[in-house]
Amino acid sequence: MTNSASTLAFEFKKKDAREREAEYVHNVLKEEEKEKYERKKFNYKPSGYMTVEEYEALSTYQDKAATDYEIPEQVKRSDMKYVPEPTYRIVRYNDPPGSPELNITKQFYKRGQYNGQGIASPDFKMMVYPVVYYYPNSASTASDLFVIPLEDDGTSLSKIMRANVAKRLPDPIVSTEKSIDNLSAFRTLTPIDFSADSTKLLLKEKIGSSQDGIWKTNAIVYDFETKNSYNLVELRDAIIYYWKENKGMNLDDLRWDIYPLGFLKDEPDRVAACAYAYTGKVPVFLGIWSIDSHGEQSRLISFDIKDIELSVNGFKIIQDGVVRPIIIENEEKAQKKIEKQEAKAAKEKEKADFKQMELEYKAKIKEMDEKFKEQKKDFTRRQNIGGTTTFNEAPVKFRELKIKELQKQIEKGEKEQQKLLKELQKLDEELKKIQTSNP
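Mapping the sequence shown onto my numbering, position 37 (from 1) lands on 51, and the numbers just tick up by one.
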């Protein structure tokens with residue numbers, strides 16, 4: 015017992031300060047690697063525990079506009095209970111022509127914002143939808159029209175179903191006046207229809223007062239190629255001029271309005287609208303008019319709606335029923351099998367991942383021990399040649415010993431390589447003999 019203690023004390027005295035320091039640093043680094051390994055296992059399933067540095071890194075400000083948000087998919091669980099689930103189908107949006115209107119309810123004044131129904135383009139590459147804002151201080155409203163790019167994959171219905179306001183383009187393509195100077199001012203935008211080639215969008219802007227109704231409706235065309243919108247004021251001017259010159263009726267003295275209908279089928283670059291004057295109990299029909307999408311060549315088409323043919327291009331989705339209970343029950347059975355397989359696969363993956371973590375940790379520790387073992391050998395060599403563990407004494411002799419050792423390692427490697435080459439040549443000769451005997 016005494017001899018053993020004396021031996022340990024003697025060995026400890028043989029180590030100088032640099033050697034003891036290196037051994038201490040080595041043990042500290044090994045302990046850090048162990049902590050990393052344990053933390054990695056602990057965080058395999060995130061628990062919420064983290065260091066102050068990790069928390070501060072996650073808490074740093076991020077620009078929401080520059081951040082891509084992934085919309086999580088809703089996964090049905092096998093223990094779900096049957097709830098009537100709606101089914102949807104695609105229908106024409108502007109059917110009958112000119113019928114789209116905003117469905118603003120009393121909740122709008124409590125929430126302060128209303129998102130209108132989206133309309134998908136004929137090529138199903140984008141969707142537009144209006145947003146109406148309410149300003150309680152002036153009891154007024156304003157509106158924007160936004161675009162949501164649709165995904166490339168999937169069916170037409172799935173593309174529309176996956177559209178989300180989080181994916182919309184940040185800037186609206188058309189906006190109304192947003193000043194709150196006029197009390198009870200009413201301004202909204204309503205999409206009417208796309209052109210057949212999806213390059214243009216017809217919408218109407220209603221301007222009025224929540225106290226005495228709509229003052230006027232503007233027909234607006236947005237061109238997706240030029241990124242410009244055109245307020246077709248020339249259409250209203252043409253209607254006023256026609257009735258004043260031909261019938262002697264000054265529409266400026268009357269209450270009248272236009273109703274945009276859509277794009278003409280035979281002339282897809284022109285939009286049509288009908289006009290009415292409110293001079294008594296029965297509105298007076300002022301005819302069906304058309305105008306170029308850029309506000310040129312206004313003309314009277316007819317006084318009979320049957321004389322025109324409009325293209326109905328945009329799409330929307332409507333609910334057309336509910337999923338039958340038997341379908342949900344079959345999905346539940348199938349989902350149970352899937353969940354069982356996924357749970358088994360997840361358990362196997364976790365086991366394999368933990369095994370890989372352990373192997374990586376042990377390999378790292380082994381590498382560190384080998385390096386430290388080599389470092390200890392260097393300390394011993396320096397002591398044996400009469401120097402210390404610093405590089406200030408006997409450097410030439412130590413360098414010569416190190417070179418010899420490296421040369422031995424190189425020679426050993428070359429011998430191993432030659433041995434492998436001979437085995438490869440032997441294998442090639444055996445293959446040649448087999449090919450010769452079996453032509």
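Backbone N, C-alpha and C define an ideal beta-carbon position, used for all residues, glycine too.
Asked	Found
Please state whether the Cβ-Cβ distance between Tyr292 and Arg269 is less than 9 angstroms.	yes
So, are the CB atoms of Leu458 and Ile234 less than 9 angstroms apart?	Not covered by the structure: residue 458. The range shown for the chain is 15 to 453.
Can you tell me whether Lys385 is helix, strand or coil according to DSSP?	helix
Are Tyr149 and Ile118 close, meaning C-beta to C-beta below 9 angstroms?	no
Contact defined as beta carbons within less than 8 angstroms: I believe Phe277 pairs with Ser316. What is the distance between those atoms, to the nearest angstrom?	With 8 angstroms as the limit, Phe277 and Ser316 do not qualify as a contact, their Cβ atoms being about 16 angstroms apart.
Measuring straight from C-alpha to C-alpha, what distance separates Leu159 and Pro186?	5 angstroms
Keeping to the same chain, check which residues put their C-beta closer than 6 angstroms to that of Arg106; ignore five residues upstream and five downstream.	Val326
Quick one: what does DSSP say Pro339 is sitting in, helix, strand or coil?	helix
By Cβ distance below 7 angstroms, which residues in the same chain neighbour Val188 in space, the five residues on each side in sequence not counted?	Leu159, Leu203, Leu217, Ile234, Tyr236 and Ser243
Tell me which residue opens and which closes the beta strand (DSSP E) that Glu323 is part of.	Taken as a continuous stretch (DSSP letters only), Glu323 belongs to no beta strand (DSSP E), as it is neither H nor E.
Assign Arg103 to one of three DSSP states: helix, strand, or coil.	strand
Anyone know if the C-beta pair for Thr231 and Ala199 falls short of 9 angstroms?	no
Take Ala252 and list the residues in its own chain whose beta-carbon comes closer than 6 angstroms to its own, dropping the five residues that flank it on each side.	Ser312
Taking a contact to mean a Cβ-Cβ separation below 9 angstroms, would you say Gly112 touches Ile206 in this structure?	yes
Is the region 52-62 touching the region 355-373 in the sense that three or more CB pairs, one from each, lie closer than 8 angstroms?	yes
With a threshold of 7 angstroms on Cβ separation, who are the neighbours of Glu239 within its own chain once the five nearest residues in sequence on each side are excluded?	Thr213
What residue from Leu43, Pro98, Thr65 and Lys44 has the CA that sits closest to Ile340's CA?	Pro98
So the candidates are Tyr273, Glu259 and Phe208; which of them puts its Cα closest to the Cα of Ile221?	Tyr273
Do the region 68-85 and the region 159-174 meet, that is, are 3 or more Cβ pairs less than 8 angstroms apart?	no
Does the Cβ of Glu219 have 16 or more other Cβ atoms within 10 Å, making it buried, or fewer, making it exposed?	buried
May I ask you to list the residues that DSSP assigns as paired with Asp306?	Arg284
Per DSSP, which residues does Val235 bridge with? Please list them.	Leu216 and Tyr244
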